[in-house]
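Notes to accompany the following structure.
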Amino acid sequence: MPEPISERGYPHAEMLAETGWLAEHLSDPMGRVVDAGPDKNYDAGHIPGAVHINGYTLCGLRLGSEMPEPEAFAQLIGSAGIDETTRVVVYDEGATMAGLVAWAFLYYGHPDTLFLDGGLSKWTAEGRSLSGDGPVHEPRTFSAHLQPAVYCSLDQAKVGVDSADVMFWDTRSQGEFDGSKAGWNPPPRLGHLPGAIHLEWPDLFDAQTLTLKPADELSSILAAVGITPEASVATY
60 MPEPISERGY PHAEMLAETG WLAEHLSDPM GRVVDAGPDK NYDAGHIPGA
110 VHINGYTLCG LRLGSEMPEP EAFAQLIGSA GIDETTRVVV YDEGATMAGL
160 VAWAFLYYGH PDTLFLDGGL SKWTAEGRSL SGDGPVHEPR TFSAHLQPAV
210 YCSLDQAKVG VDSADVMFWD TRSQGEFDGS KAGWNPPPRL GHLPGAIHLE
260 WPDLFDAQTL TLKPADELSS ILAAVGITPE ASVATY
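Per our numbering, the very first residue in the sequence shown carries number 60; after that it's consecutive.
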């Protein structure tokens, strides 16, 4: 497993992979590196050996407002040579699609999933090599086991929006939150859920390195908008 990022104080540092650690483990037969960025970015150059699972395509597998059927996700990652025994490290240029794809792996029951801290931006800033070749792996069979504790369905949201026990965190831009900007893949009506708090996701990352800010700094940022370890939070 990756070395803990102990100097930044995360309680679950084992969920993050450092670029240096990944560089030393690229040839690990039990691992897969997953590039979650757009097709054109992957084709322009990716971490050597990385398979491509476009986060935008994953969104396209959705059924209405819900996530894809487990069989659809299982087929997608199985075709990339991933099963329950595979350690997965997910990245993109920054964190947007990598966060979605890493979360999807966890939701469908693949716990050995790591997020590459700093993503491709940090990898290239350190002068590490890129590849233009897409690897081909023997397909594997992945059996999805949904983890409902990490997912808020539309029906749950409808109930939760009227509950004092649930906090909705809108991670989009200020314009998308206040309804003055459509943004990517906009909803039919602009604005935010009633009572939602706003904290844009880039505020959690260092602007220069695109790595997560230290744990104590993250705690202060979250607490300032009312998000504490005791809160029940649904993000969107």
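Beta carbons are placed, not taken as given, at the ideal position from N, Cα and C, and that holds for glycine. Bear in mind the structure is a predicted one, so any value in this text is a computation, not a measurement.
Whole-angstrom distance between residue j and residue i, CA atom to CA atom
i, j, result
"GLY114", "ALA283", "30 angstroms"
"GLN215", "GLU83", "43 angstroms"
"HIS105", "MET89", "19 angstroms"
"GLN233", "ILE112", "29 angstroms"
"ASP265", "VAL92", "23 angstroms"
"HIS257", "TYR150", "25 angstroms"
"SER291", "ASP94", "30 angstroms"
"GLY178", "GLY250", "30 angstroms"
"ASP237", "TRP260", "16 angstroms"
"GLU235", "ILE280", "20 angstroms"
"ALA109", "ASP275", "32 angstroms"
"VAL209", "ASP102", "32 angstroms"
"THR183", "GLY191", "14 angstroms"
"PRO245", "ASN100", "23 angstroms"
"PRO194", "LEU85", "13 angstroms"
"PRO129", "TYR295", "21 angstroms"
"PRO247", "GLY96", "25 angstroms"
"LEU159", "PRO288", "21 angstroms"
Supposed close pair residue i, residue j - CB separation, criterion 8 angstroms
i, j, result
"ALA163", "PHE132", "7 angstroms"
"ASP229", "ALA203", "Actually they are not in contact, since the Cβ atoms of ASP229 and ALA203 sit about 28 angstroms apart, beyond 8 angstroms."
"PRO107", "SER188", "6 angstroms"
"VAL148", "LEU173", "5 angstroms"
8 angstroms CB neighbourhood of residue i in its chain, flanking five on each side removed
i, result
"GLN206", "LEU165, TYR166, TYR167 and GLY168"
"ASP176", "ILE64, LEU75, ALA76, GLU77, THR78, THR270 and LEU271"
"LEU277", "LEU263 and LEU271"
"ARG253", "It should be pointed out that residue 253 corresponds to Pro in this sequence rather than to Arg. Here the set comprises VAL220."
"ASP87", "ARG146"
"ILE286", "MET226, TRP228, ILE256, LEU258 and VAL292"
Same chain only: Cβ atoms within 6 angstroms of residue i, ignoring 5 sequence neighbours per side
i, result
"CYS358", "In the structure as shown, the chain starts at 60 and stops at 295, and residue 358 therefore has no counterpart that could be examined."
"PRO198", "GLY137 and SER138"
"HIS196", "GLY140"
7 angstroms Cβ shell around residue i - same chain, five flanking residues per side excluded
i, result
"GLU185", "THR78"
"PHE201", "ALA133, ILE136, GLY137, ILE141, ASP142 and GLU143"
"ASP98", "ASN113"
"PRO273", "ARG67 and GLY68"
* State whether the segment 216 to 226 contacts the segment 136 to 152, with contact taken as three or more CB pairs (one from each stretch) at a distance under 8 angstroms. => no
* **the segment 233 to 249 / the segment 261 to 273 touching (three or more Cβ pairs under 8 angstroms)** => no
* What runs of the beta strand (DSSP E), each 3 residues or longer, lie entirely inside the segment 121 to 150? -> Complete beta strand (DSSP E) runs here, min 3: 146 to 150.
* Given 8 angstroms, three or more beta-carbon pairs between the segment 222 to 232 and the segment 166 to 186 -> No: the two stretches stay apart, fewer than three of their Cβ pairs being nearer than 8 angstroms.
* Any chance the segment 146 to 162 sits against the segment 66 to 73, with 3 or more Cβ pairs inside 8 angstroms? -> No: the two stretches stay apart, fewer than three of their Cβ pairs being nearer than 8 angstroms.
* Asked: Where in the segment 212 to 259 do unbroken runs of the alpha helix (DSSP H), each at least 4 residues long, occur, reported from the N-terminal end onward?
  -> 213 to 219 and 233 to 237
* **Secondary structure, beta strand (DSSP E): runs of 3+ residues fully inside the segment 65 to 125** => 90 to 94
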